Structures are given as C-alpha cells and as structure tokens.
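In this text, residue positions in the sequence shown follow the UniProt record's numbering: the first is 1, and each later residue adds one. Remarks on the structure that follows.
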Amino acid sequence: MQRDPSPSKKRKTTAPGTRDGDVFMSPARQGQGPPEDHDRTPTSHGPFNLSTLNYQLPPRPAASRSTSSRQSQSSASTGRRSTSPAKRTQNLRYLEKPVLYIALDDDASQQLPMDVVSLYDRIYDITVDHYCFLPHQVRSELNSLTGRKLRDSWFAHDSGQDASPIQTELDALREVERDARECMRRGSCEGAWNVDVHAPLLKLAMAPYAEIRREVVTSARIASPFLPQTDVGVDVESKMVDFALILESLTDLVRAAVSAQHKDRQFINQTPYVSIQHSPIAVSIETKTAGTAEEGRVQLGVWTAAWNKRIKALLLPQADPIVTLPLVLVVEHEWKLFFACDRGDRLEIIGDIATVLALGYDAMMC
Numbered sequence: 001m002q003r004d005p006s007p008s009k010k011r012k013t014t015a016p017g018t019r020d021g022d023v024f025m026s027p028a029r030q031g032q033g034p035p036e037d038h039d040r041t042p043t044s045h046g047p048f049n050l051s052t053l054n055y056q057l058p059p060r061p062a063a064s065r066s067t068s069s070r071q072s073q074s075s076a077s078t079g080r081r082s083t084s085p086a087k088r089t090q091n092l093r094y095l096e097k098p099v100l101y102i103a104l105d106d107d108a109s110q111q112l113p114m115d116v117v118s119l120y121d122r123i124y125d126i127t128v129d130h131y132c133f134l135p136h137q138v139r140s141e142l143n144s145l146t147g148r149k150l151r152d153s154w155f156a157h158d159s160g161q162d163a164s165p166i167q168t169e170l171d172a173l174r175e176v177e178r179d180a181r182e183c184m185r186r187g188s189c190e191g192a193w194n195v196d197v198h199a200p201l202l203k204l205a206m207a208p209y210a211e212i213r214r215e216v217v218t219s220a221r222i223a224s225p226f227l228p229q230t231d232v233g234v235d236v237e238s239k240m241v242d243f244a245l246i247l248e249s250l251t252d253l254v255r256a257a258v259s260a261q262h263k264d265r266q267f268i269n270q271t272p273y274v275s276i277q278h279s280p281i282a283v284s285i286e287t288k289t290a291g292t293a294e295e296g297r298v299q300l301g302v303w304t305a306a307w308n309k310r311i312k313a314l315l316l317p318q319a320d321p322i323v324t325l326p327l328v329l330v331v332e333h334e335w336k337l338f339f340a341c342d343r344g345d346r347l348e349i350i351g352d353i354a355t356v357l358a359l360g361y362d363a364m365m366c
C-alpha cells in the first residue's frame with residue numbers, strides 16, 4: 001500500500017490562487033501535442049467554432065482558397081460548440097463548478113460526507129488493519145502459498161460455509177494474478193490489462209451481487225448538455241473511462257423518471273450510451289499503464305463533473321447535496337480509491353486510499 005509522506009497513517013473514522021499558464025489548451029494548438037497514444041481510453045473530440053474564439057490562428061497557406069470554399073467552411077462551422085481539452089488536474093479547478101483533488105487527512109471524518117463513512121471504515125479495516133478479510137476455509141492453502149503463517153486477525157471467523165466455491169474463487173484469483181504478472185513482464189498496453197486482468201477481476205468480484213453489473217464504458221461519450229464548462233463558458237473536451245459498476249435494481253424507476261425528460265436527455269447518467277441508459281452508475285473506474293496516472297485523474301475528473309451536472313439537473317434546486325460517488329484509478333495492478341464529494345459550489349475528489357491487491361480478496365470483501 002502506498003503511504004503519505006507523513007509518518008502518521010490515516011486514522012479510522014468513528015461515526016483556490018493565481019492561474020498557471022496554459023490552463024486549457026486552445027483548439028488552434030491541439031495539433032502541437034505529442035503523437036496520439038492508441039493504448040489510452042478514447043476521448044470524444046467535439047467540433048469547435050473558430051469564429052467565436054480570439055485564439056491566434058496559424059499562418060495562412062501560400063495557396064489561397066476560393067471564396068466559395070471559404071464560405072462553405074464558414075457555413076459548416078456555424079452553430080458548433082467550442083471545446084477545450086484539460087491536460088492536468090490543476091486545470092479542473094477552472095471549471096464553472098471547480099473540481100479539486102484533495103489529499104485525505106489523518107482524520108477522514110472531517111472530510112468525508114456521512115454517506116460514505118461506513119464504507120471508508122470497512123475499507124480501512126481491510127486495506128490498513130487487514131482485519132477479517134480472508135476466508136477461513138482456505139487458510140492452510142494461503143499459508144502454504146505465502147510460505148509463512150498468516151495472522152489470525154486476517155481471517156474471518158469460520159461460518160461453516162462449504163469450502164468448494166471459495167476454493168474455486170481462489171483458483172480464479174490466482175489465474176488473474178498470473179495474467180497480471182505476464183502483463184507486467186511484457187509491458188502490455190492498457191487494453192491488454194483491461195482484457196486479461198481488470199475485466200475478469202471485476203466480473204469475479206461482482207458475481208455474488210445480482211443487482212450490480214460491471215460494464216465496459218470505453219465508448220460511452222458524454223452527452224453535450226452535460227459537458228463541463230470552463231469559467232468562461234467553453235465546453236471541456238469530453239473524456240471517457242474504462243469501466244463502471246452499474247445498479248440494476250432501479251431500472252424500472254429510472255425508466256419512468258427519465259421518460260418525461262427532453263428527448264436528448266432520456267438517460268440517467270451523463271452519457272446516452274444505451275447499455276447503461278436506465279442503470280445508474282455507482283462507481284467509475286479508469287485504468288492506466290505505469291506512468292500515466294495523471295491523465296487518468298483528469299479523465300475521472302471530467303467524467304465525474306459531467307455525472308454531477310447530469311444528476312443535479314434531475315434534482316430540485318433546494319435538494320440535498322448529491323450522493324458521494326466512489327472513483328477508482330487502476331495503474332497496472334495497483335488500485336486507488338477516491339470519493340467525489342459534492343460541496344455545492346465545487347466538487348472535491350478526496351483520496352487516494354491506495355491498495356495493492358493482496359490475492360485479490362481485499363477488493364472483493366469490502
């Protein structure tokens with residue numbers, strides 16, 4: 001587990017400055033960036049209207065175009081919304097509703113909303129205290145695998161449950177572990193990690209829960225009405241993430257609620273992606289290979305800002321703050337947990353609570 005530089009570890013709960021340069025890169029400069037990375041999660045590049053922007057245009061080519069050609073392009077661009085790509089997490093503070101990444105304090109009860117305190121406590125028990133997170137039925141095998149006697153406090157009390165399904169689960173986790181080691185050895189791309197490691201692990205973790213589904217959302221673009229805007233009214237370039245955990249139990253209620261919405265808003269989340277049209281997102285997950293965690297935080301920030309904007313549009317103006325949304329950033333086989341907390345005038349993403357999967361059980365026992 002990664003730890004903060006502070007010598008004290010996070011305690012279990014009991015119950016913004018001047019702008020840096022180039023905050024949002026102008027559309028005219030997008031072509032000057034590094035080559036496209038085909039391994040990363042896709043982003044949706046929206047069109048923009050140069051006539052509404054004061055950015056400096058590149059030099060005119062020597063060969064002039066005909067008047068009719070210029071008029072045709074001008075006409076085609078009319079009505080398109082400008083977009084601006086966020087490149088760093090610091091950029092997100094300049095959204096119309098700022099998104100701020102906040103480090104988790106020692107006393108998390110002073111930061112986290114009450115709706116996630118019990119979840120945080122359980123995660124702390126598992127990832128920090130390693131309390132009762134391994135099944136008693138496979139204790140001898142785990143001792144043999146690790147070559148040492150694991151602590152008594154790590155194991156849940158014997159419930160008398162049949163060991164066969166637990167052994168099957170352990171075998172599946174061991175296979176995921178082997179695939180993860182191979183991905184690390186080969187230097188595999190993000191897509192390979194998703195197919196061989198992350199998707200199987202999430203599916204295995206959700207198997208006991210009929211009302212929760214793991215969904216691949218790499219094609220789920222943000223709907224235009226819910227794209228976050230900068231504080232000067234320019235839409236931020238859409239970002240997409242890799243996975244979401246979806247609630248299935250509310251589908252009928254959601255379908256009835258959103259059917260009364262305008263036809264371009266008849267979906268519960270920030271995306272019209274049909275597979276999750278009537279199924280609320282409970283957890284958003286972005287995966288990255290080593291060295292690209294910052295990009296992952298930006299993607300989660302934009303995606304979550306859009307989710308917050310969509311949910312707010314469904315609520316009455318005097319409604320309570322929006323429910324806290326767990327976010328997960330996965331870098332290779334390391335999972336980091338954040339909480340997106342609605343503060344009314346801003347969105348705080350608090351974390352990370354970093355864990356390394358210890359035989360996979362800590363991710364599955366929360």
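Where is the CB? At the ideal position from N, CA and C, for every residue including glycine. Remember, predicted model here, so these are calculated numbers, not experimental data.
How should residue i be labelled, buried or exposed, when 16 other C-beta atoms within 10 angstroms of its C-beta is the threshold for buried?
i: K149; result: exposed
i: H333; result: buried
i: R181; result: exposed
i: S118; result: exposed
i: L145; result: exposed
i: D162; result: exposed
i: V176; result: buried
i: residue 368; result: It is not possible to answer for residue 368, since the shown part of the chain is limited to 1 through 366.
i: G344; result: exposed
i: H198; result: buried
i: N143; result: exposed
i: G233; result: exposed
i: R297; result: buried
i: G147; result: exposed
i: E190; result: buried
i: G351; result: buried
i: D152; result: exposed
i: D179; result: buried
i: Q261; result: exposed
i: E211; result: exposed
i: Y209; result: exposed
i: L315; result: exposed
i: S74; result: Legend: pLDDT at S74 = 38, less than 50; position of this residue unreliable, value from coordinates given subsequently. It is exposed - the Cβ of S74 has fewer than 16 other Cβ atoms within 10 Å.
i: T168; result: exposed
i: R221; result: buried
i: R186; result: exposed
i: N91; result: buried
i: D342; result: buried
i: S219; result: exposed
i: S188; result: buried
i: A63; result: Note that A63 scores a pLDDT of 39, beneath 50, so its modelled location is shaky and nothing firm can be said.
In the DSSP assignment, find the alpha helix (DSSP H) that holds residue i and state where it starts and stops.
i: W154; result: Unbroken run through W154: none, as it is neither H nor E.
i: Y124; result: V117 to T127
i: C132; result: It is not in any alpha helix (DSSP H) - C132 carries neither H nor E in the DSSP assignment.
i: D179; result: A163 to R186
i: P200; result: A199 to M206
i: L145; result: R139 to T146
i: E96; result: From DSSP, E96 is part of no alpha helix (DSSP H); its letter is neither H nor E.
i: G191; result: E190 to W193
Do residue i and residue j have their C-beta atoms within less than 8 angstroms of each other?
i: L247; j: P225; result: no
i: T287; j: D242; result: yes
i: L95; j: A305; result: yes
i: Q299; j: K336; result: no
i: I349; j: G301; result: yes
i: Q111; j: L100; result: no
i: R88; j: E237; result: no
i: K309; j: P228; result: yes
i: S284; j: L327; result: yes
i: Y273; j: V217; result: yes
i: V116; j: F339; result: yes
i: L325; j: W307; result: yes
i: I123; j: I353; result: yes
i: L173; j: E141; result: no
i: residue 367; j: L250; result: Any question about residue 367 goes unanswered here, given that the chain covers just 1 to 366.
Establish whether the CB of residue i and some CB of chain C are separated by less than 8 angstroms.
i: H333; result: Of the protein chains in the structure, only one exists, and it is not chain C.
What residue does the beta strand (DSSP E) around residue i start on, and which one ends it?
i: A340; result: E334 to D342
i: E215; result: I212 to V216
i: I102; result: V99 to I102
i: L327; result: L325 to V331
Checklist entry - Between the region 155 to 163 and the region 122 to 138, do three or more beta carbon pairs fall short of 8 angstroms? => result yes
Checklist entry - Would the region 240 to 259 and the region 272 to 288 be scored as touching if the rule is three or more Cβ pairs under 8 angstroms? => result yes
Next on the checklist: At 3 residues or longer, what runs of the beta strand (DSSP E) sit wholly inside the region 236 to 292?
Outcome noted: 243 to 247 and 281 to 288
Next on the checklist: For the pair the region 319 to 327 and the region 86 to 95, tell me if three or more CB-CB distances fall below 8 angstroms.
Outcome noted: no
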